[in-house]
Each structure stands twice: as C-alpha cells, then as structure tokens.
Amino acid sequence: MLLALQDVTFEFGARTIVQDASWHIVPGDRVGLIGMNGTGKSTLLRIINGEYSISGGSINKAKNLSLGFFNQDLLSFESDDSILEVGMTAFEEAVKVEKELERLVAEMEHNESEALLNDYSDKLHLFETLDGYNMRNKAAAVLEGLGFSTAALERPYSTFSGGWRMRVLLARLILQQPDVLMLDEPTNHLDLPSIEWLERYLQNYGGAVIIVSHDRYFLDKMVNKVVELYQQELHHYAGNYSDYEVEKDMRRELQQRAYENQQDYIRQQEKFIERFKAKASKAAQAQSVMKRLDKLDRIEQVDSGPSKIRINFSVDKQPGKILLTLSDVSKSFGDIKVLENTGAEINRGDKIALIGANGKGKSTLLRIIAGTEPITGNRIPGHNVISSFYAQHQLESLNLDDEILEELKSSGGGRTEMELRSLLGCFLFNGDDVFKKIRILSGGEKARVALAKTIISQANFMLLDEPTNHLDMLSVQMLIDALDKYEGSFVLVSHDRYFVSQTANKIWEIVDGEIKEFKGTYAEWEEHKRRQALREAQANQQAAAEKKAAAAAAEAQKKNTPAPAPVKGAGAIDKDAQKELQKQQKQFSQIESQLSSLNGRKQKLEAEMGEPATYSDQGKFKQCEQEYAQVGKELERVNQQYEKVFDAIMELEAKLGKA
Ligand SMILES: Nc1ncnc2c1ncn2[C@@H]1O[C@H](COP(=O)(O)OP(=O)(O)OP(=O)(O)O)[C@@H](O)[C@H]1O
Ligand SMILES: [Mg+2]
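Using the working numbering, the final residue of the sequence shown is 1484, and nothing's skipped along the way.
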C-alpha cells in the first residue's frame, strides 16, 4: 500500500467537495480520476499532496513515499538553463556528485594527496551507482519523446512558450520516477504523437499513476481503474474508461430503480401518516412512521444532465461572401519554414478545422488569419468581418477578482443581465454559480467563462485555438451545440477527434508549407485518406507486378524463347472488359454513396447516444445501441464490397492498359 485515504471529508466554506471518501492506492495502479468540471478532482489531488488540511478522516502514506504532481501551478517555475539541464535536475543526487567530481578534478591538478584521490574514486563509484553516465541520455530520450528536437535540447528553458515549458516539466517529473505520479490533465499540453509516446512510456512505469483527464481515448489506453468523483463521493470501478461506461450505466439503472422504489415507499408511508395522524388510536404509530421517514437515508435521483442549448448565437452584421484571402503567403521562424508561397480563402459559412501535429504551425496560421502575425505575402480581409480569438492565454487574461457575471458584463456589448444569465446557463453556470469569483474556478470552469466571452462578442468570425482543453465531455458536447447554433463562421485548431468530427465542414492541413484544403467533414476526410492509402498500395502492387512481368519477358527473350503471340480476338476481350469496367465503376459510385450515408447515420447515432435525453432513457438507449451495432455491421459489409469492387476495377484497368 502506498497511500490510503480513509473517510476523508473536505469542504470549501459551505461547499462540500468530498464526503467520507476512501481510496487505497497500491503499486502498479493506473487510475483515471474522472468527474465533471468543478467537481473537485484537482482539489482532491491537492489534498493528497498535502496542500489542504482535511476536516474529517485520515490520509496515510507509506514511509518515505515520493509524490510527483503535474499541474498548472508548475508554470511559475523559471530558469535560464537549457531544457536538457532542467530535465536532468530530476537526478538531483547524480548532478550533485557530478559537480563534486568536477571540483575534485580541478583540485587534483595541484594537489596529489591520497585522501583526495580516495575521495575522487569513492565519488566516481557513487556516480556510477547512481547511473550518472546515463542521465543525459535518459533526459534527452524523454524530452524527445515529448516532442523536442535534438537541437532544441540546448535552448534555454526561458525561450519556450508555456505549453512547451509544461512538456519540459512533465519530462522532469517522470524522470524523477516518484512512487505516486499524479498528472492533472497532461494531454492539454501535448499533441497526438507525444500523447502516444506518453501512453507507451507509462505502460512500464514502476510506481502508481493517477491521471485526471477528459480524453476518453487516452484514458482507455492508460488506466486499469477508474475513480469517479460524483455527488461528493468517490466511486470505484475496475477496468478502463469503456468498462467504466458500461458499469456506470448499470449502476445508474440500479440507482434509478432503487430511487423509484424508495419514492413509492415514501409516498405510501406519507399517505399512512396523513390518514392517521389525527386519529387518536393510531397517532402514536403515525408518529413513529414519521420518525422513521425522517431518518431514512434518501437515495438520490440519477441526474440526467443539463438540458440542450436553446439560445441563438446570432451575429449582428453579416460579413461579405469572402471573409479572408491569403495569397503567396510565406512564414518562417529562423530556419524553420512554416508556410511557403501558399494561399487559401475563407468563405462565409465555412467551419474549418485545422488539424495535424504540433510544430506544423497551426497556431501560427491561426494568428496569421487573425492578422496578429507578420508575414510576407498578402492577407486581404473581407467586408464587415468582426473576428474574435480564443486561446489558452484568454484564461489568464480573465480578471481574477471579478465574479463570473461581472466578467461577462464588462465585455457583453450591452446585453441585459437576463440575457447574460441565460447564456451562462448554456455554459453550465446555473443559479448562484454566476456570482462565483474567477479566482476560485476550476480549469474547466475558467475555460467556459472565456469561451462564453468569445461567443457573446458578437463576432461573425471566430478563431478558436484548442477550445476543448480543460472541458469535460459534457461541456465539449455543450460547445458542439453552441457552435452548431452559431451563425457566423469559424476556424478552429483541435486534437480532439470527436470534437472536430462534430463541428467542421472543411478540414485544413499544413503539408510541406502548403495549406491543403479538404471540402468535407472529418469522417469524410478520414475515409478519403483511407482510400488514398489503399490506392497507393494498389499502385505499388501494380508497379511491382509490372516490373516482375517485364523482368520475366526480358528473361524469356534472353533464353530466346519467342514471346507469347498476341491472343486472337483481343479486341473482343477489350470490349467486354470495357463494359465490365463501366459496370464496376457504376457499382463503385453506388457503394460510395451508400458508405457516406451509413457513416452519416453512424455519426447521428453517436451524437444521439451521447445526449442525456437518450442515455437516461434505457429503452431509447438500447434501441440506439442496437441500431448502432446494425449500422456497424452493415458498414463492415459494404466496406468489404467496396474493396472487392475496387480490386476488380484496378484489375480491369490494368488489363486495358489504363492503370
Ligand atoms: N479556494 C477555493 N475556495 C472556494 N472554492 C473553491 C476554491 N478552489 C476551488 N473551489 C471550487 O471547488 C470546486 C472544485 O474545483 P477543482 O479545481 O478541484 O475542480 P476540478 O474537478 O479539477 O475541475 P476541472 O475538471 O474543471 O479541472 C470548483 O467549483 C471551484 O470553483
Ligand atoms: Mg482540475
């Protein structure tokens, strides 16, 4: 046992965060700590870290337990050392010994005493036991895994942006190998390749790892236990996130049934009391029933989540048809070329997702679109375009001493308090929540305030950089709904595959310094990529086959055997093949449209199943689930057909010399 929480209770003033929470952490644990924004996950980690004192229960830690805690606060760390050196400070003792060794070497130059030599050899031995010779490599490997190039390792920490600094600090933390590693939303600062690297790296981690995350893909890969903070209690689940979802559904159903049974029981008892409390002969009995009812442990109803957004995010002024034209744009930072002689056009109604790995220049392009980044080339804004920009640093620019409502008023462009309150309701701040001070808000809550500010700015063109960071799954859905209702256009940068698939009607990628546009949704783009890869594979196969045939022909010639004579009636075969090809091509396009409609249905079902109204209604959910499985099967079948027809076409085309 590394760490044990026993009946822990903690509150902020009148607000209870956890009540009688128990949690045992053992070596090898991979725990996902989940819960909606503001339920107290970060607070709980702080409690474990000893930053808050609890009002009830106990926390026991193993002797000499080392705890590592990755969170936003780390950003206050400053250093002018290179990031490699910062990473290496994880090996505190080895670094110290290395310094000592350097000092001894210098001293030995003019002092050859035996004592000094012995000291030196002892230290050398110690350095070796501490694996000092490897620390540089180890630090470099982890930093590179988290996305730094080898050249960047020598650059001073202070020259990196906040997101990249967080990566350095994450590297240092995992190099320290604490017994319990607590990571509060690590993926907010990472792109897909480094997330995948982290997933692999932590697989073999010796200690226990606790991860707070709203990313279900990440959780599914990472954890073997889930602890949910829900209604001030800790609920423990075995398995990964998907297992949790299944189990949670079951528990919800049980809870709902238990709740309904209890309600029936209460109603019955109340009737009894009502009927008999005035009757002298039964009054005592009625009294005792009343007491029993008072003492009853009430089962809470399953909450079905907030209702759907019903507000319109209208825009004041319609912009012209073209919002922005970029042409002949080049942009580089030193030797690194981000964009080279490229262009693009953004039209009214565009909902563009800019995707791809970090470092490809997505945020830079977003700033170029906003006009805040100098470029060579042309950037021509359209008429009446009012843009607003959302990025991580918006969270920091919130006024900490404001209450939420005040903060919105200060930028609300003359909206009434009523309007602002209903808007805040959409952003999941209800009732007295709107009087909370920004200072005490959780990460997700702050993000929601900043997003609400961006949306009410009445801009007709929004630029959103990683808007789903910090947001729990429900809030992501809320944002999807809001963007769906939004009448303006937008460009967003996101690594969240689900979010992109639900919001964008165009996909942009930066490939070799060029902006590549795909007109379609993310699902269509994925399909397109898949097809392209398939085609390439086919082409390669074809080329290989041709090469082989050519080689065989050459071989045959060498042996002086006559090449096979052309088959008689080849023209007739050609015609047949031609007809067949046409038939297959027709079928191909039919299958394509079938596929796209199936994919559409699949997406719709996914969205529907994600809605509270569906997942709280067992019957409806089951129905959706069944339909979903059916669609999945159908998709599989059609995909197979698709590949078959594709193969046939390739073959025919090769025959006809078209490939
Ligand atoms: N010092 C404080 N005083 C009063 N309330 C606070 C204080 N700090 C945080 N809170 C409140 O406690 C709740 C829990 O905050 P916490 O940051 O732990 O949430 P979280 O679960 O980590 O949320 P998120 O998913 O958004 O990161 C929030 O509603 C927050 O407003
Ligand atoms: Mg948090």
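Even glycine gets a Cβ: it sits at the ideal position worked out from N, Cα and C. Here the structure is a predicted model, which is why all the values come from computation and not from measurement.
| Check | Outcome |
| --- | --- |
| When you compare only the Cα positions, how much space is there between Gln1357 and Ile873? | 50 Å |
| Between which two residues does the beta strand (DSSP E) containing Phe840 stretch? | Per the sequence shown, the amino acid found at residue 840 is Arg instead of Phe. Its beta strand (DSSP E) spans residues Arg840 to Ile850. |
| Does the beta carbon of Val1037 fall short of 8 Å from some heavy atom of ligand 1? | yes |
| Output needed for Glu1452: all residues of its chain with C-beta closer than 7 Å, excluding positions within five of it in sequence on either side, in chain order. | Leu1430 |
| Helix, strand or coil for Ile1335 per DSSP? | strand |
| In chain order, what residues of the same chain have a beta carbon less than 6 Å from the beta carbon of Ala1390, not counting five sequence neighbours either side? | Per-residue confidence for Ala1390 stands at a pLDDT of 47, beneath the threshold of 50, marking its modelled position as unreliable; no derived number is given. |
| Closer than 8 Å to a non-hydrogen atom of ligand 1 - does that hold for the CB of Asn1365? | no |
| At a cut-off of 8 Å, would you count His1295 as near ligand 1, judging by its Cβ distance to the nearest heavy atom? | yes |
| Using a Cβ-Cβ cut-off of 7 Å (strictly less than) and excluding sequence neighbours within five positions of Leu1148, which residues of its own chain qualify? | Ile1171, Asn1172, Arg1173, Gly1207, Val1210, Phe1286 and Ser1314 |
| For Glu1053, verify whether its CB is less than 8 Å away from any heavy atom of ligand 2. | no |
| Are the CB atoms of Leu1276 and Pro1292 within a distance shorter than 9 Å? | yes |
| In three-state DSSP terms, what is Arg980? | coil |
| Does His1295 have its Cβ less than 9 Å from a Cβ in chain E? | Note that chain E does not occur in the displayed structure, where there is just one protein chain. |
| Can you look up Lys866 in the DSSP assignment and give me helix, strand or coil? | helix |
| Do the region 851–859 and the region 961–976 touch if we need at least three Cβ pairs shorter than 8 Å? | no |
| Just how far apart, CA to CA, sit Ser1067 and Pro1003? | 28 Å |
| With distances taken from CA atoms, which of Lys1310, Glu1334 and Lys963 is nearest Gly818? | This structure cannot settle anything about residue 818, because the visible part of the chain is limited to 826 through 1484. |
| By the three-class DSSP mapping on this structure, what secondary structure does Ala966 have? | helix |
| Based on Cα-Cα distance, which residue from Glu1165, Leu955, Ser904 and Gln1327 lies nearest to Ser986? | Ser904 |
| Given a threshold of 16 other Cβ atoms within 10 Å of its Cβ, counted over all protein chains shown, does Leu1156 qualify as buried or as exposed? | In the sequence as presented, Leu is not what sits at residue 1156; that position holds Lys. Looking at its Cβ environment, which holds 16 or more other Cβ atoms inside 10 Å, Lys1156 is buried. |
| Count the other CB atoms, across all protein chains shown, that sit within 10 Å of the CB of Phe1254; report buried if there are 16 or more and exposed otherwise. | buried |
| Closer than 7 Å by C-beta to Lys1344: which residues in its own chain qualify, once you throw out the five before and the five after it? Chain order, please. | Lys1331 |
| Please state the DSSP three-state secondary structure of Leu890. | coil |
| Between the alpha carbons of Ala1348 and Leu1079, how many angstroms are there, rounded? | 36 Å |
| Residue ranges of each beta strand (DSSP E) run of no fewer than 3 residues wholly in the region 1298–1373, ordered along the chain? | 1314–1318, 1331–1336 and 1339–1344 |
| Looking only at its own chain, which residues have a Cβ that is under 8 Å from the Cβ of Gln831, when we skip the five neighbours before and after it? | Ser847, Gly882, Ser883, Ile884 and Asn885 |
| Expressed to the nearest angstrom, what Euclidean distance is found between the alpha-carbon atoms of Phe1214 and Ala1195? | 7 Å |
| Can you tell me whether His1218 is helix, strand or coil according to DSSP? | helix |
| Taking DSSP as the reference, what is the three-state secondary structure of Asn1203? | strand |
| Over what stretch of residues does the beta strand (DSSP E) that includes Gly857 continue unbroken? | Arg855 to Ile859 |
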